[in-house]
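Numbering (this note's numbering), first residue to last: 12 to 669.
Here the structure is laid out as structure tokens; the discussion comes afterwards.
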Amino acid sequence: MSSTLTERPAPAAAARPDATPRRRTRVFTLPEARWAAVATVLFLVALPLQLTGAPTWTWGVLYGLAYAAGGWEPALAGLQALREKTLDVDLLMIVAALGAAAVGQVMDGALLIVIFATSGALEALATARTADSVRGLLDLAPATATRLREDGSEETVPTADLAVGDTVLVRPGERIGADGRVLGGASDVDQATITGEPLPVAKEPGDEVFAGTLNGTGALRIKVDRDASDSVIARIVQMVEEASETKAPTQLFIEKVEQRYSIGMVAATLAVFAVPLALGAALTGSLLRAMTFMIVASPCAVVLATMPPLLSAIANAGRHGVLVKSAVVMERLGQVDAVALDKTGTLTEGTPRVTDVRPLTGSGLTENEVLRLAAAAEHPSEHPLARAIVDAARARGLALPVAEDFAATPGVGVAATVDGRKVAVGTPARLSSGAEDPHIAIAAELEDGGRTAVLVVADGAPAGVLGIADRLRPDAAATVGSLKALTGTAPMLVTGDNPRTAARLAAELGITDVRAGLLPQDKVAAVRELEQAGRKVLVVGDGVNDAPALAAAHTGIAMGRAGSDLALETADAVIVRDELATVPAVMTLSRRARRLVVQNLVIAAVFISGLAVWDLAGTLPLPLGVLGHEGSTVIVGLNGLRLLREAAWTRAREQGRR
């Protein structure tokens, strides 16, 4: 272990004069959002005018403008699809809205237009924000690098101009500009953006480093191994884009029968009008019968059969800290039958903590005295392990003396004078005097248990060993059990951390399928492997290195508090409060929403078929047809809204724990 005085990533980026600001699409730069907003405002102005008995022309004009503002884009899309000999939901919704207006239900049609336009705007915004984050990922790599000439002199060049074989100098606190191998120097490198490892990794000559990772206190000379376009960071961008583009398009359940229903309804309406007319019926009677049939067979109830349950589930999940980005995502969550979990920041808190304090026999020191010396020596350092040691001492209420003559050696540890004693804290292998030292067995035991061993030396003699590990989230074990019960198989663990640590954590949670030491492309390969076996995979992660897998999976969920921007934008859902137990709960809620959708479709089908048969076999009065149609719409809408209740989430959470 080594402690560093490394600059944190955010200040380092801010200090770079040529740093590129994060790109983020504003909502109203999107035309879909602007038109949806106009339609919504017009509707909200017209509604109270209508309800308060204002003249028809006042609110009628406003409703008409709302129809135009929110409906022209989906109408155009529907007509373009019709030109290609297909009927899609865009045109179907416009026809339904116009049909409602034709029989006097102007407000209902306008509401349908507003909902449809708003849904399209949210989808466009989600797509734009994902693209922003993918492009912004490239900003992790520095814009320039220090290249060493053959005569040893330095020159500053754009990182894009670095070629394979070039030698670059990376000073303390700088970001590495290219993938390569260390030629000289030693340092700790924070490469969490690539591998997800919670702790900086010691780098020495021969070790591989990645562009965009943050150097510690040591200077490194690096030989460039890959062009900028082929770096790991660039490949992450490419993988996210490719996964997003090639991900199989998914549709809501009702959209799968959209074509047949649309064509059938249009054909039937024409037949209801034309056949009696051809047999000598009066034009007015045939037209009225056909119009009544079109109203009772229109898809309003069918559309509302699908959307209210899903939207209610989204709203309920949002109240409990789970942001589900669309109705399609909510439906997909209920289809998941395999889960892949990241380790650091997902199953664990992502923050190392002291788990063991082992004084050595003969040192004459207690646990608190060993921890106090180590914390005082580490106090000037900003290394994650140093912060963990200091936090542990403060948690015990220990007063820390001032350290003097502080020095940090990359790859070794720190040294300081504490209360007149020479104290060193670092890796056992670097501070040991021989293989027979008594602390070697203790360090091996801790490391076999998946913890990082830290040796404390006082006045040249080993004084104690500290064990440090990333702590499991309190609800991790229960969540893994719930996911196993929901899907029928235990989740897979996919992590960039070392195999020994991953195996220990997996054994503690009951996970048997462990994939460790993975780069981002390896995580994608693991997801693809499950998908090729016919599984619908849910990936839960938080880091940049998880983003390609989140994009490639059937459904991706990101942890919100510590999640990277790219992971948050790429994922289909975000756990805002980092409560892992909400994952099985929202899956259960999705399955219940799907059951309500099926119930609603049955209700809608009974009403539509009953009214249609009445109209065809007898004479269905138009007002009664409208009443039956609107009644079915109200019934399925209210049935779907049941998922808004607090009890729905409580029941889903309880069922998810079983």
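Virtual Cβ for every residue (Gly too), placed ideally from N, Cα, C.
Only exposed fits S164, as fewer than 16 other CB atoms lie within 10 angstroms of its CB. In this structure, A488 places its C-beta atom within 8 angstroms of the C-beta atom of L520.
In the structure shown, the three-state DSSP call for L483 is strand. If you compare the alpha carbons of T155, L53, G507, E378 with that of P531, the shortest gap goes to G507. Contact check for V467 against V436 passes: the beta carbons are separated by less than 8 angstroms. Annotated three-state conformation of T359 is strand, per DSSP.
When the five nearest sequence neighbours on each side are left out, the beta carbons in the same chain lying within less than 7 angstroms of the beta carbon of L652 are those of P319, S323, in order along the chain. The residue from D416, N226, R515 with its alpha-carbon nearest to that of T359 is R515. Take the alpha-carbon of V413 and the one of G424: they are about 18 angstroms apart. Our two residues, T512 and A527, have alpha carbons roughly 9 angstroms apart in a direct line. L396 places its beta carbon less than 8 angstroms from that of T463.
In the three-state reduction of the DSSP assignment, F54 falls in the helix class.
In the structure shown, the three-state DSSP call for T593 is helix. Residue burial annotation: F284 is buried, with at least 16 other C-beta atoms found within 10 angstroms of its C-beta.
At a cut-off of 3 residues, the continuous stretches assigned as beta strand (DSSP E) that sit fully inside the segment 520 to 555 are 548 to 552. Distance between G131 and P216, taken at the CA atoms: about 53 angstroms. The three-state secondary structure of E219, taken from DSSP, is strand. Listed in chain order, the alpha helix (DSSP H) runs fully inside the segment 347 to 391 are 378 to 389, counting runs of at least 4 residues.
Using a Cβ distance threshold of 8 angstroms, A128 and G120 do not count as a contacting pair. Bounds of the beta strand (DSSP E) holding V333 are 333 to 335.
Closest by C-alpha distance to I614, out of R602, L600, G639, is G639.
Spanning the alpha carbons of I233 and W46 requires a straight line of approximately 52 angstroms. In terms of Cβ geometry, K354 and L504 form a close pair [threshold 8 angstroms]. Closest by C-alpha distance to D470, out of L409, L607, V434, is V434. Distance from the CA of T566 to the CA of L109, rounded to the nearest whole angstrom, comes to 36 angstroms. Residue pairing by DSSP places T63 opposite no residue, since no beta bridge is assigned to it.
For L577, the closest C-alpha among the options T377, S392, G552 is that of G552.
By the Cβ neighbour-count rule, Q202 is buried, with 16 or more other Cβ atoms within 10 Å of its own. I522 is classed as buried because its beta carbon has at least 16 other beta carbons within 10 Å across all chains shown. Taking a 10 Å sphere around the C-beta of P502, we find 16 or more other C-beta atoms and assign the residue as buried. Taking all protein chains shown into account, W68 has fewer than 16 neighbouring C-beta atoms within 10 Å of its C-beta and is therefore exposed. The DSSP-derived three-state label of S164 is coil. In the three-state scheme derived from DSSP, where H, G and I count as helix and E and B as strand, E415 is classed as strand. Under the three-state reduction of DSSP, S198 is assigned to strand. By the Cβ-count criterion, T40 is exposed, with fewer than 16 other Cβ atoms from all chains shown falling within 10 Å of its own Cβ. Check the Cα spacing between V645 and each of L73, V313, S297, G64: the tightest is with V313.
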